[in-house]
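So the sequence shown is numbered by this note's numbering: it starts at 686 and just counts up by one. Where is the CB? At the ideal position from N, CA and C, for every residue including glycine. Here the structure is laid out as structure tokens; the discussion comes afterwards.
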Amino acid sequence: MVEILGGNLKRFFDTIDNPPNDAEITYAGNSYGIDYEVWEISDDLFKKMCDMNENRFRSMAGGVAWWRYTEGSVLGYPDSEFIVNGKTLKCWNKRMSSRNEFTCLTEYLRDNVGVSLPKNVCACAVDLAKYNDMKLSELFETYERIDRNGN
Numbered sequence: 686m687v688e689i690l691g692g693n694l695k696r697f698f699d700t701i702d703n704p705p706n707d708a709e710i711t712y713a714g715n716s717y718g719i720d721y722e723v724w725e726i727s728d729d730l731f732k733k734m735c736d737m738n739e740n741r742f743r744s745m746a747g748g749v750a751w752w753r754y755t756e757g758s759v760l761g762y763p764d765s766e767f768i769v770n771g772k773t774l775k776c777w778n779k780r781m782s783s784r785n786e787f788t789c790l791t792e793y794l795r796d797n798v799g800v801s802l803p804k805n806v807c808a809c810a811v812d813l814a815k816y817n818d819m820k821l822s823e824l825f826e827t828y829e830r831i832d833r834n835g836n
């Protein structure tokens, strides 16, 4: 199984994974107007997605769908701990912000690390999950906003 980060992927998986047995959504939320979903998909489905060109993906998924996968970031081992969503998170201190407490994971990544594009959020989140001994879905469930409507 592979974990991917994406948004608006239901239509795509309803089409490509029918009957459903190779893709499961394990987290869904919205932060700062971006839909974030974590999906666990089979190795075979992951290979199909990687081999698919952008036009085919768009035709199956629709114009607003996206997905990213990476092995991690280039930031190395986390050197600090901050409070994120009321809980301690082992993370990087890039000091783009003077705060030590953040309301959610994506706010921490944007304000302290300086990343907001989905590909960079994915890379950082994969590493944070690894260094905090959890799955990507657990990282988002624990440290992203409690209010899934983006408020």
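Just so you know, the alpha carbons of Glu766 and Arg743 end up roughly 39 angstroms apart. Distance from the CA of Tyr793 to the CA of Val687, rounded to the nearest whole angstrom, comes to 25 angstroms.
Annotation for Cys735: the continuous alpha helix (DSSP H) segment containing it runs Asp728 to Asp736. In the three-state DSSP reduction, Leu774 falls in the strand class (E or B). By the CB criterion at 8 angstroms, Phe697 and Ala750 fall inside the cutoff. Contact between Pro763 and Tyr828 is ruled out by a C-beta separation of about 13 angstroms, above the 8 angstroms threshold. Between Ser782 and the set Arg795, Asn770 and Leu774, the nearest pair of CA atoms involves Arg795. 8 angstroms or more divides the Cβ of Glu722 from the Cβ of Gly748. For Asn740, the enclosing alpha helix (DSSP H) has its first and last residue at Glu739 to Ala746. Classified as exposed, Tyr717 has fewer than 16 neighbouring CB atoms from the shown chains inside 10 Å of its CB.
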